[in-house]
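Under UniProt numbering, the first residue of the sequence shown carries the number 1, and numbering increases by one thereafter.
Each residue gets a CB set at the ideal place from its N, CA and C atoms; glycine is no exception.
This structure is a prediction, so every number in the text was calculated from the model and none was measured.
Written below as structure tokens is the structure these notes are about.
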Amino acid sequence: MSVPFQATGVIANTGTDKAGADPALTLWREWQAAHAHTTALCRKQQRLEALLMRTAGLPRVEVELDDDGTIVTLSREEDIEELFGDNPALAGECAKARAEFVARQARWAEADAVIGYSAAREEELEAADRAQDLADRLTMTPATTLAGVVGKLDMILREGLSSEDCDEFPWREIRMALLDLRQIEREIWA
Numbered sequence: 001m002s003v004p005f006q007a008t009g010v011i012a013n014t015g016t017d018k019a020g021a022d023p024a025l026t027l028w029r030e031w032q033a034a035h036a037h038t039t040a041l042c043r044k045q046q047r048l049e050a051l052l053m054r055t056a057g058l059p060r061v062e063v064e065l066d067d068d069g070t071i072v073t074l075s076r077e078e079d080i081e082e083l084f085g086d087n088p089a090l091a092g093e094c095a096k097a098r099a100e101f102v103a104r105q106a107r108w109a110e111a112d113a114v115i116g117y118s119a120a121r122e123e124e125l126e127a128a129d130r131a132q133d134l135a136d137r138l139t140m141t142p143a144t145t146l147a148g149v150v151g152k153l154d155m156i157l158r159e160g161l162s163s164e165d166c167d168e169f170p171w172r173e174i175r176m177a178l179l180d181l182r183q184i185e186r187e188i189w190a
């Protein structure tokens, strides 16, 4: 299991003035706050998305093809146009599918305005961009303390890991290196 690094003890206070001045540690703390904020917004967005799906359903239309009974699900107006083409014999079916799709889009938009999914999604994307910018800056910023190095490794581990129990290279090795650094901290303070 991946445990977020906590900047405490000797690692956080390596030469107290130095740790406070370590630009990597400062960026890591900013990234950690931005990452937590993004995670909270992601969960909020997911709850609102599920509510929107239950309330309005997806803006899509199902069309049964006459030739073989296959049902096709269309989720874009362009898909409707592509399916029916310019065939005058299918103009009525095309108009019906288009009208149903437009009605479902309107229902989705109306429910979204009340629920706030799109606004939450936009807020999450902006927060994720901020966290990514901080991660990029942290990656390029030299650490001047052990705490800064550990913070960088923590960010790399949490950003890159597909799951907390992933044992693929290099995730297990990074977790082990972080444990080594934490052990060094304990030994210094013992």
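Handout entry: Assigned exposure category for A190 - 16 Cβ within 10 Å defines buried
Key = Start at 1 with the first residue of the sequence shown, and residue 190 comes out as number 190. Result: exposed.
Practice task
Using only alpha-carbon positions, find the residue among E30, E122, E77 that is nearest to E49.
Solution key: Reading the sequence shown from its first residue, position 49 is the one you call residue 49. With distances taken between CA atoms, E49 lies nearest to E122 out of E30, E122, E77.
Exercise for the section: Would you kindly report the start and end of the unbroken beta strand (DSSP E) that includes residue 213? Expected result: Residue 213 cannot be examined here, being either before or after the span of the chain that is shown, 1 to 190.
Problem - Supposed contact pair A119 and A56 - C-beta distance, whole angstroms, cut 8 Å - result: Your numbering for residue 56 matches position 56 in the sequence shown. Your numbering for residue 119 matches position 119 in the sequence shown. Actually they are not in contact, since the Cβ atoms of A56 and A119 sit about 16 Å apart, beyond 8 Å.
Handout entry: Whole-angstrom distance between L153 and E173, CA atom to CA atom
Key = Indexing the sequence shown from 1 puts residue 173 at position 173. Indexing the sequence shown from 1 puts residue 153 at position 153. For E173 and L153, the distance between alpha carbons rounds to 11 Å.
Practice task
Can you have a look at I188 and say buried or exposed, based on whether 16 or more other CB atoms are within 10 angstroms of its CB?
Solution key: Within the sequence shown, numbered from 1, the residue matching residue 188 stands at position 188. In the assembly as shown, I188 is an exposed residue. Its beta-carbon has fewer than 16 other beta-carbons within 10 Å.
Handout entry: Any 3 or more C-beta pairs closer than 8 Å across the segment 20 to 36 and the segment 69 to 88
Key = With the cut-off at 8 Å, the segment 20 to 36 and the segment 69 to 88 do not touch.
Exercise for the section: Answer with yes or no whether the minimum CB distance from A147 to chain D is below 9 Å. Expected result: No chain D is part of this structure, which consists of one protein chain only.
Exercise for the section: Give the secondary structure of E93 by DSSP, where H, G and I count as helix, E and B as strand, and everything else as coil. Expected result: Looking up residue 93 in the sequence shown gives position 93. Look at E93 here: in three-state DSSP terms it is helix.
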